[in-house]
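With my numbering as the guide, the letters of the sequence shown map in order to residues 172 to 263.
In this text, a Cβ means the ideal position worked out from N, Cα and C, and glycines have one as well.
As structure tokens, the structure follows; a few thoughts come after it.
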Amino acid sequence: MTTPPTPPPLSDTDERVLKRLRRIEGQVRGLQRMIEEGRDCHDILIQLSGVRSALDAAGEQILEQYASGCRAHPGEKVTPQDVVRAVKLLRG
172 MTTPPTPPPL SDTDERVLKR LRRIEGQVRG LQRMIEEGRD CHDILIQLSG
222 VRSALDAAGE QILEQYASGC RAHPGEKVTP QDVVRAVKLL RG
């Protein structure tokens, strides 16, 4: 039985994105608690807006990495069409 290949070490950018995503995870848990506690809808919407902004910022970081080629398959360049497709996915 062969063992799966070891993933490459994370870059500083990857570490920052993961840190941001963990923070977002905490914000989402906070949203869940707010709903369970019956908090005011206005407060919930403010928190939700913060989560969306944080997700957008994380997506932009990942898109920048992709556009610079670090997320391309080894030996493959990222084409302008690839970047357009990624932007469309991000804007969903």
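Hey, how far is the Cα of Leu202 from the Cα of Arg223?
Distance between the alpha carbons of Leu202 and Arg223: 12 Å.
How many angstroms separate the CA atom of Val264 from the CA atom of Ile233?
Because the chain in this structure spans residues 172 to 263, residue 264 falls outside the shown range and cannot be described.
Compare the C-alpha of Gln236 against each of Pro178, Thr174, Pro176 and Arg187 and name the closest.
If we check each option's Cα against that of Gln236, Arg187 comes out closest.
Taking C-alpha atoms, which residue in Pro178, Ile195 and Val249 lies nearest to Leu219?
Minimum Cα distance to Leu219 is reached at Ile195.
Please work out which residues of its chain come closer than 7 Å, Cβ to Cβ, to Val134, disregarding the five sequence neighbours upstream and downstream, and give them in chain order.
In the structure as shown, the chain begins at 172 and stops at 263. Residue 134 is therefore absent and cannot be evaluated.
Considering only the beta carbon of each residue, do Leu261 and Gly230 sit closer than 8 Å?
Closer than 8 Å, so yes.
Counting along the chain, where does the alpha helix (DSSP H) carrying Thr177 start and finish?
Careful: Thr177 lies outside any alpha helix (DSSP H) and carries neither H nor E.
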